[in-house]
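Be aware that the sequence shown starts at 622, since it is given in the working numbering, and climbs by one per residue. As structure tokens, the structure follows; a few thoughts come after it.
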Amino acid sequence: MTQPRAEALTISGLDCFYGEVQVLYSLELVLNKGEVLCLFGRNGAGKTTTLKAVMGLVPSRAGSIRLDGKELTGLPAHDVPKAGVAYVPQGRRLFAEMTVAENIEIGLMACGKGKATR
């Protein structure tokens, strides 16, 4: 019998809006430790909004975002990287000569987290 994997990221009942326009409706997502997740869909489906909500860049009106059991919902965006979350927007490499992983490691080092781990 296999044991259940520990949850790394859990999003429950997340509602997000841009102004009065709701763009995420009761989003549910569980990412277990060691898993890789790919969000895909048409333009406007909520992929980027989901990532921005995790980063604290888009406020939620309902729901919960937890990383390793720690509540991220409501944290100021500048505190989210301290919890170990990094985000590199598509096509915006901070240091063009570096890989995405290296760019993320720079952000983690700035937060005192050291090297990135999966």
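Every residue, glycine too, gets a C-beta built ideally from N, C-alpha and C.
Rounded to the nearest angstrom, how far is the Cβ of residue i from that of residue j, given a contact under 8 Å?
i: Leu678; j: Ala698; result: 5 Å
i: Ser647; j: Gly634; result: 5 Å
Exposed or buried, residue i, counting other C-beta atoms within 10 Å across all chains shown (16 or more means buried)?
i: Thr671; result: buried
i: Ala674; result: buried
i: Val657; result: exposed
i: Pro710; result: exposed
i: Cys659; result: exposed
i: Pro702; result: buried
i: Met730; result: exposed
Residue i lies in the beta strand (DSSP E); which residues open and close that run?
i: Thr631; result: Glu628 to Tyr639
i: Leu688; result: Ser681 to Leu688
Could you please give the first and the last residue of the uninterrupted alpha helix (DSSP H) stretch that includes residue i?
i: Leu645; result: Careful: Leu645 lies outside any alpha helix (DSSP H), inside the beta strand (DSSP E) at Val642 to Asn653.
Run through DSSP, which three-state label would residue i get?
i: Ala666; result: coil
With the cut-off set at 9 Å, would you say residue i and residue j are in Cβ contact?
i: Thr631; j: Ser685; result: yes
i: Lys654; j: Arg626; result: yes
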